[in-house]
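A.B. asks: Pasting a structure below so you can have a look.
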Ligand code: OAD
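In UniProt numbering, the protein residues as written are 31 to 318.
In structure tokens:
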């Protein structure tokens, strides 16, 4: 059973969470938590999100980039016509060189350590869930990551790290194969591209048809504006009766949640850990 935003009344009637105390009780018993997260879990590290007032999209000078919409920076058709706009901003979204993680990342690792984590669906390309110690099998990088890059012409693969000097210099990396003049594109999912197959498969097994009863028993959504499909659609595919929790600076106008903790996610997860009596150890810095 799937319920979208139109069924608020039936969703609310099945809601098990009304208070912060209810949330703590659900966390106590949860064994298969599904997390959907976005850029908001990394902003406390100084990595801008996309759509906030101080986010990447508002910081772009569209006129000088020759774009009409900031999202076109990550648009495949635009890229294939002219990769310049993307490569003029790519250094800002490239994987950070310092492997810092936020308390929110540490909280996600804690859920894994406690055996409560079914899966993290991250829209982030900064790979910090990985740095935090989330196992590969527990993670779906919905929009890919800055690991590998592919030549748009011949399909040759290179590491993004090998492109770093060019990206930092704002240059367009070209294929290094003889006689190929293709442009290299990092394997992050652009608008107009399909999400990795793993996304669809995992959503099916974790959320939609996890056997007679769905696997997911608690849905946590952190630091995402829920504006980009299909990742955000997870928020309406969670089965009826499974508690839905939103931790974000502002509430969602589009999706139903049983409880929304509005504010900084780092503070919210600290409050949760205090309430649970969990030790949120947060190493400020980890070696790469
Ligand atoms: P957005 O920038 O759209 O949304 C980030 C959300 O996090 C906003 O609602 C912020 O208010 C909230 N936020 C920011 N800092 C926070 C903090 N410290 N604590 C709590 N909330 C905070 O980013 P995403 O939803 O991740 O895709 O964007 C989704 C996709 O759009 C991205 O993956 C990217 C982008 O276009 C591609 O590039 C393909």
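All C-beta atoms, glycine included, are put in the ideal place defined by N, C-alpha and C.
(1) Rounding to the nearest angstrom, what Cα-Cα distance links residue 211 and residue 279 in this structure?
(2) Please state the DSSP three-state secondary structure of residue 180.
(3) Below 8 Å, how does it come out for the region 41-51 and the region 267-275: are there three or more Cβ pairs, yes or no?
(4) Can you tell me whether DSSP reads residue 47 as helix, strand or coil?
(5) Measuring only from the beta carbon, is residue 296 closer than 8 Å to any heavy atom that is part of ligand 1?
(6) In the DSSP assignment, find the unbroken alpha helix (DSSP H) run with residue 22 in it and report its ends.
(7) Give me, in chain order, the residues of the same chain whose beta-carbon lies closer than 6 Å to that of residue 182; leave out the 5 immediate sequence neighbours on both sides.
(8) Pick from 57, 90 and 102: whose alpha carbon is nearest that of residue 223?
(9) Which of the three DSSP states is assigned to residue 225 in this structure?
(10) By alpha-carbon positions, which one of 161, 124, 140 and 277 ends up nearest to residue 199?
(11) By DSSP, does residue 289 sit in helix, in strand, or in coil?
(12) Classify residue 309: buried if its beta carbon has 16 or more other beta carbons within 10 angstroms, exposed otherwise.
(13) Return yes when the Cβ of residue 54 is within less than 9 Å of the Cβ of residue 63, no when it is not.
(14) Hey, residue 265 and residue 151 are a contact pair by Cβ (cut 8 Å); roughly how many whole angstroms apart?
(15) Quick check on the DSSP output: the alpha helix (DSSP H) that includes residue 198 runs from which residue to which?
(16) Give the DSSP-derived three-state secondary structure of residue 171 in the structure shown.
(17) Can you tell me whether residue 110 is buried or exposed? The criterion is at least 16 other CB atoms within 10 Å of its CB, across all chains shown.
(18) Relative to the C-alpha of residue 100, which candidate in 81, 235, 236 and 304 has its C-alpha closest?
(19) Just reading off the alpha helix (DSSP H) that residue 108 is part of, what are its end residues?
(20) By Cβ distance, which residues of its chain are closer than 6 Å to residue 52, with the 5 residues on each side in sequence left out?
(21) Consult DSSP for residue 31 and reduce its assignment to one of helix, strand or coil.
C.D. replies: The short version:
(1) Working through the chain shown from its first residue, we reach residue 211 at position 181. Working through the chain shown from its first residue, we reach residue 279 at position 249. Cα-Cα distance, rounded: 45 Å.
(2) One-based indexing of the chain shown puts residue 180 at position 150. Strand, per DSSP.
(3) yes
(4) Numbered from its first residue, the chain shown carries residue 47 at position 17. It is coil, neither helix nor strand.
(5) The residue labelled residue 296 in the question sits at position 266 within the chain shown. Checking the Cβ of residue 296 against ligand 1 gives yes.
(6) With the chain represented from 31 up to 318, any question about residue 22 goes unanswered, as that position is not in the structure.
(7) Taking the chain shown and counting its residues from 1, the one referred to as residue 182 is at position 152. Cβ within range, chain order: 212, 213 and 215.
(8) Translated into the one-based positions of the chain shown, residue 223 becomes position 193. Minimum Cα distance to residue 223 is reached at 102.
(9) Taking the chain shown and counting its residues from 1, the one referred to as residue 225 is at position 195. It is coil, neither helix nor strand.
(10) Position 169 of the chain shown, counted from the first residue, corresponds to residue 199. Nearest option by C-alpha distance: 124.
(11) As a working mapping, residue 289 is identified with position 259 in the chain shown. Strand, per DSSP.
(12) If you number the chain shown from 1, residue 309 lands on position 279. So residue 309 counts as exposed.
(13) As a working mapping, residue 63 is identified with position 33 in the chain shown. As a working mapping, residue 54 is identified with position 24 in the chain shown. No, the pair does not count as a contact, with Cβ atoms beyond the cut-off.
(14) Reading the chain shown from its first residue, position 235 is the one you call residue 265. Reading the chain shown from its first residue, position 121 is the one you call residue 151. Not confirmed; about 10 Å, so no contact.
(15) Residue mapping note: residue 198 aligns to position 168 of the chain shown, counting from 1. Run containing residue 198: 190-198, per the alpha helix (DSSP H) assignment.
(16) Position 141 of the chain shown, counted from the start, is the residue given in the question as residue 171. It is a strand residue.
(17) Along the chain shown, read from residue 1 onward, the residue named residue 110 stands at position 80. Answer is exposed; the Cβ neighbour count stays below 16.
(18) Position 70 of the chain shown, counting from 1, holds the residue named residue 100. Taking only the C-alpha atoms, the option nearest residue 100 is 81.
(19) For this step, residue 108 is matched to residue 78 along the chain shown. Residues 106-111.
(20) Position 22 of the chain shown, counting from 1, holds the residue named residue 52. Once the five neighbours on either side are set aside, residue 52 has no close Cβ partner at all.
(21) Against the chain shown, residue 31 aligns to sequence position 1. Unreliable positioning characterises residue 31 in this predicted model, as indicated by a pLDDT of 36, which lies under 50. The coordinate reading is nonetheless provided below. Three-state DSSP puts residue 31 in coil, outside helix and strand.
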